[in-house]
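Start counting the sequence shown at 433; every next residue gets the next number (the working numbering). To start, the structure under review is shown below, and the notes come after it.
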Amino acid sequence: MKMSKLFVQTLREFPADADVISHKLLARAGFIRKLTSGCYNYLPLMWRVLKKIENIVREEMDSAGAQELLTPFVQPKELWEESGRWEVYGKELMRLSDRHNREMCLGPTAEEVITAVARDGLKSYKQLPCNLYQIQEKFRDEVRPRYGLLRGREFIMKDAYSFDLDQEGLDKEYKNMANAYTRIFERCGLETKMVQSDSGAIGGSVSHEFMVITTTDAGENDVFYCDDCNYSANSNHAISNLPQAETDGSKFGFTEPKVIDTPNTRTIEELCEFLKIPSTIILKSLVYIVDKKHVIALIRADKQVEETKLMNAVGGIDIRIASAAEIEELMQNHGFNGIAGFIGPKGMDDVTIVADNTVKDLKNFVVGINETDKHLVGANFGKDIPEIKQYADLRLVEAGEFCPECGKPLKVTRGIEVGNIFQLGTKYSKPMNAVYLDKNGKAQPYVMGCYGIGISRTAAAAVERWHDDNGIAWPVQIAPYHVTIVPLNNNDELQMKVAKECYAKLLSAGIEAVLDDRDERPGVKFKDADLIGFPYRITVGKTIVDGNVELKTRKTNEVETVTPEKAVELVINRIKEAI
Ligand code: ATP
Ligand code: MG
433 MKMSKLFVQT
443 LREFPADADV
453 ISHKLLARAG
463 FIRKLTSGCY
473 NYLPLMWRVL
483 KKIENIVREE
493 MDSAGAQELL
503 TPFVQPKELW
513 EESGRWEVYG
523 KELMRLSDRH
533 NREMCLGPTA
543 EEVITAVARD
553 GLKSYKQLPC
563 NLYQIQEKFR
573 DEVRPRYGLL
583 RGREFIMKDA
593 YSFDLDQEGL
603 DKEYKNMANA
613 YTRIFERCGL
623 ETKMVQSDSG
633 AIGGSVSHEF
643 MVITTTDAGE
653 NDVFYCDDCN
663 YSANSNHAIS
673 NLPQAETDGS
683 KFGFTEPKVI
693 DTPNTRTIEE
703 LCEFLKIPST
713 IILKSLVYIV
723 DKKHVIALIR
733 ADKQVEETKL
743 MNAVGGIDIR
753 IASAAEIEEL
763 MQNHGFNGIA
773 GFIGPKGMDD
783 VTIVADNTVK
793 DLKNFVVGIN
803 ETDKHLVGAN
813 FGKDIPEIKQ
823 YADLRLVEAG
833 EFCPECGKPL
843 KVTRGIEVGN
853 IFQLGTKYSK
863 PMNAVYLDKN
873 GKAQPYVMGC
883 YGIGISRTAA
893 AAVERWHDDN
903 GIAWPVQIAP
913 YHVTIVPLNN
923 NDELQMKVAK
933 ECYAKLLSAG
943 IEAVLDDRDE
953 RPGVKFKDAD
963 LIGFPYRITV
973 GKTIVDGNVE
983 LKTRKTNEVE
993 TVTPEKAVEL
1003 VINRIKEAI
C-alpha cells in the first residue's frame, strides 16, 4: 500500500467528545469516525485490525471444535417471548416493528435464535455435544454509550453457544472455551485475567470474565485478586474475609434498648462522632428502588452495598439508590415523619428487607428508627427490631480485606472486560422446549453454555494497553500493517530507490508494508507513523550514502542502524515469529 493512496485522515486534535485514550487515538489516527451516538464507521485501517482479531478468534474457535454460522441481526419478538425475555430485557433492547406491524428487535445477543437453531437440528443425543458460534454486529441501546468502541451501541461480537447432554459435558466445554479464550487474547497481544463474575441478565450460575488489566480511566470494572493464590473476581462477585471488629454495643455501654437524642447525625460519620463509637456497632439501612419497588438493604455501617449482589438477592433486573424524597415517602407511608438520614427497618414489615451477612454478628447495636435526630441504641433483632427474614452477601469487597481462599490480603485493579463465559444450564432450553432424545428415547433439555468476545472492544482495549504519548503501538498480531517504509526526501533518487526496493522485498515475503511516498516533511511522516502505530518503521535518509537505513521498533522506540537488506530481513523474521 502506498501511503498517498491509503484512506486515512489523521487529525491534529482529539475529538471533543472522546474521554478515553483508545477513543481519542483511534479517531485521531483515522481508524474510526462517529456516525451517530455509539455507532462508528470502521475505516479501512480499523477494518484490517478487526478482521485480524476475527481471524484469530475463528482459528481458535474452530480448533476448539466449534462451528461458525451466521444468523439474522433482526430477531422476531415471538422467540423472545418463548424465553420470557421480551418482558424483562430493559431499554437496551432496540425494539421495532415492520410494515405488517410485526414486532422485532435488533439482536443484542443471540441465545434465543441459536437455541431455536439447535432445536431444529440437534434431535438426538448422538449429535451432542455441539458448539455453534458467529461473529456479528450487535445492537444495544446502552444508557451511556461512551468510551468509543469500548461501549458502543452497535458493536461486533463473537458469540458462541454450546449444547451438551449434561452438566458434566458442560463443565468440560466450559474449560475448553476458557482455554481457547486464553489463547485468543494471548494471540491478540493481550494479557488477560480470568475472573469470577456475576452472570446478570443472561442468567445461569457459573461465569467468568476475561479482563485486560489497565491503568487508564477506561477500566470500568474493579477486579479483586490475590497474588498468593489464583483467586480473582469482579467486584460484583468478589467475596472476602474481614478482620476482627467490635460488633457488640454493650462494650460502649449500650446494654439496654433506649431511644436517645442524636441531633444532626444524618451520616454515619456524624453519628460515630456524636456517640464516640466505631461504625461497626451501627446497623446501616439503605433504600434502593429495584424494578420500581422499594427495597431496604441492611449492612454493618462500615461497609458498602454492592448493587448487583443486592439485585440478585431480590431477583431484580434494574436497581438504583432511592432519592431522599423516595425514602421519606416510604417512611410516611409507614406512619413516620423522619427525614431520610434516620431511616431504619422498624415498622417496615411489608417492605422487602435483605440484610448482609455482616449484620448477623451485631448485638446491642445502634439503628435509626425513622425519627429525625433520634436513634435506638442497645438494639437486638427479634426484640426491638423485627427478625431478619433474608440474609445474603451484599457487601462490596475492599482492598486489604482477606482472600476467601488463602487468607492473604486482596488487591484491587481496574479492568476492561473483553470476553466472558457463562454456564447457562437449562435456562433457555427448558422454556423454549429445546430438547434432544436421550438413549432411552426420553426428551431432555440441552445443558447450555454461552461465550462472548467483544471484537471491537478488544481492539480498543489493545489501544488502552499499548500506546504512548505519540500514539498507538499495535501488537504485531493485530496491527493494520506491519511496517512502514519512510524515505525522508522524495526528491532524492537513491533514497526513493532503496525505499522502493525494501517495499517490494517485504511485499513479496508476505509482509504488510506501507510505503510513505507522500511529498511531506519528515516530521509529518514520523508523526503519522507513530500515531497510526506501525510496529516497525524503516527510515531511508541521508545515511543511505553510507549504505545504512534506520529500523525503529514502535513499542520500545529502539532504533537500529543497519543495511537495507538487514532491515528487511529483521522485519521479516520478527513478524513471522510474532504471528
Ligand atoms: P458489559 O458488562 O461490559 O456491559 P456484558 O456483560 O453486557 O458486558 P455480554 O452481553 O456478555 O457483555 O457480551 C459479550 C462481550 O461483548 C463482552 O464481554 C464485551 O466484550 C462485549 N460488549 C458488550 N457490550 C458491549 C458494548 N456496548 N460495546 C462493545 N462491546 C460490548
Ligand atoms: Mg452490558
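All C-beta atoms, glycine included, are put in the ideal place defined by N, C-alpha and C. Because the structure is a prediction, the values reported are computed rather than measured.
So the alpha helix (DSSP H) residue i belongs to, where does it begin and stop?
i: Phe446; result: Premise fails: Phe446 is in no alpha helix (DSSP H) and is neither H nor E.
i: His455; result: Ile453 to Arg460
i: Asn1005; result: Pro996 to Ala1010
i: Cys934; result: Glu925 to Ser940
i: Tyr663; result: No alpha helix (DSSP H) contains Tyr663, which DSSP labels as neither H nor E.
i: Ser495; result: Pro476 to Ser495
i: Lys957; result: Pro954 to Ile964
i: Met435; result: No alpha helix (DSSP H) contains Met435, which DSSP labels as neither H nor E.
i: Glu739; result: Glu739 to Val746
i: Glu519; result: Arg517 to Val520
Less than 8 Å between the CB of residue i and some heavy atom of the ligand ATP, yes or no?
i: Phe463; result: no
i: Gly748; result: no
i: Met589; result: yes
i: Glu738; result: no
i: Arg889; result: yes
i: Glu569; result: no
i: Leu582; result: yes
i: Arg619; result: no
i: Pro447; result: no
i: Ile616; result: no
i: Arg551; result: no
i: Thr541; result: yes
i: Arg572; result: yes
i: Glu896; result: no
i: Asn852; result: yes
i: Arg517; result: no
i: Glu849; result: yes
i: Pro777; result: no
Which partner residues does residue i have in the DSSP bridge list?
i: Pro863; result: The partner list for Pro863 (beta bridge, DSSP) is empty, contrary to what the question assumes.
i: Pro508; result: Met536
i: Ile785; result: Ile728
i: Gly839; result: The partner list for Gly839 (beta bridge, DSSP) is empty, contrary to what the question assumes.
i: Phe706; result: Answer by DSSP bridge pairing: none, since Phe706 is not bridged.
i: Gln499; result: Leu564
i: Ala875; result: Leu869
i: Arg698; result: In the DSSP output, where bridge partners are listed per residue, Arg698 has none listed.
i: Phe463; result: DSSP, once it has assigned bridges, lists no residue as partnering Phe463.
i: Glu671; result: Checking the displayed sequence, the identity of residue 671 turns out to be Ile instead of Glu. Looking at the DSSP assignment, Ile671 forms no beta bridge with any residue, so it has no partner.
i: Ala824; result: Asp788
i: Ile721; result: His726 and Arg752
i: Ala945; result: Val915
i: Ile642; result: Correcting the residue type first, residue 642 is Phe in the shown sequence and not Ile. Per DSSP, Met626 and Gly851.
Using a Cβ-Cβ cut-off of 7 Å (strictly less than) and excluding sequence neighbours within five positions of residue i, which residues of its own chain qualify?
i: Val1000; result: Cys934, Lys937 and Leu938
i: Asp816; result: Pro689 and Leu808
i: Pro577; result: Ser469, Gly470, Arg583, Gly584 and Arg585
i: Ile1007; result: Val908, His914 and Ile943
Going by DSSP, what residue range makes up the beta strand (DSSP E) through residue i?
i: Cys882; result: Val879 to Gly886
i: Tyr606; result: Unbroken run through Tyr606 is the alpha helix (DSSP H), Gln599 to Arg619; no beta strand (DSSP E).
i: Gln628; result: Thr624 to Gln628
i: Glu543; result: Counting along the chain, Glu543 falls outside any beta strand (DSSP E), though it belongs to the alpha helix (DSSP H) covering Glu543 to Gly553.
i: Leu983; result: Val981 to Thr985
i: Asn769; result: Per DSSP, Asn769 belongs to no beta strand (DSSP E) and is neither H nor E.
i: Leu528; result: Met526 to Ser529
i: Ile713; result: Segment: none, Ile713 is in no beta strand (DSSP E) and carries neither H nor E.
Could you tell me whether the Cβ of residue i comes closer than 9 Å to any Cβ of chain C?
i: Leu458; result: No chain C appears in the structure shown, which is made up of a single protein chain.
Less than 6 Å between C-beta atoms, sequence neighbours within five positions excluded: which residues of the same chain meet that for residue i?
i: Tyr878; result: Phe595, Ser861 and Ala866
i: Ile634; result: Unreliable placement is indicated for Ile634, whose pLDDT of 49 sits below 50; the coordinate value is still reported in the next sentence. Excluding residues within five positions, the ones whose Cβ falls inside 6 Å are Phe854.
i: Val783; result: His726 and Ile728
i: Pro996; result: Val930, Cys934 and Val981
i: Ser436; result: Asp949 and Arg950
Ordered along the chain, which non-local residues of its own chain (more than five positions away) have a Cβ less than 8 Å from that of residue i?
i: Val1003; result: His914, Val915, Leu938, Ile943, Tyr968, Ile970 and Leu983
i: Arg534; result: Pro508 and Lys509
i: Glu445; result: Arg460
i: Val918; result: Ala931, Asp948, Pro954, Lys957, Phe958, Ala961, Arg969, Ile970, Thr971 and Val972
i: Lys558; result: none
i: Val545; result: Thr503, Pro504, Gln507, Leu511 and Gly539
i: Thr858; result: Pro877, Tyr878, Val879 and Met880
Tell me whether residue i, by its Cβ, gets closer than 8 Å to a heavy atom of the ligand HEM.
i: Ile885; result: The model depicted lacks the ligand HEM and carries the ligand ATP and the ligand MG instead.
Report task. Any chance you could list the beta strand (DSSP E) runs of at least 3 consecutive residues sitting entirely within the segment 785-811, in chain order? Result -> 797-800 and 806-811
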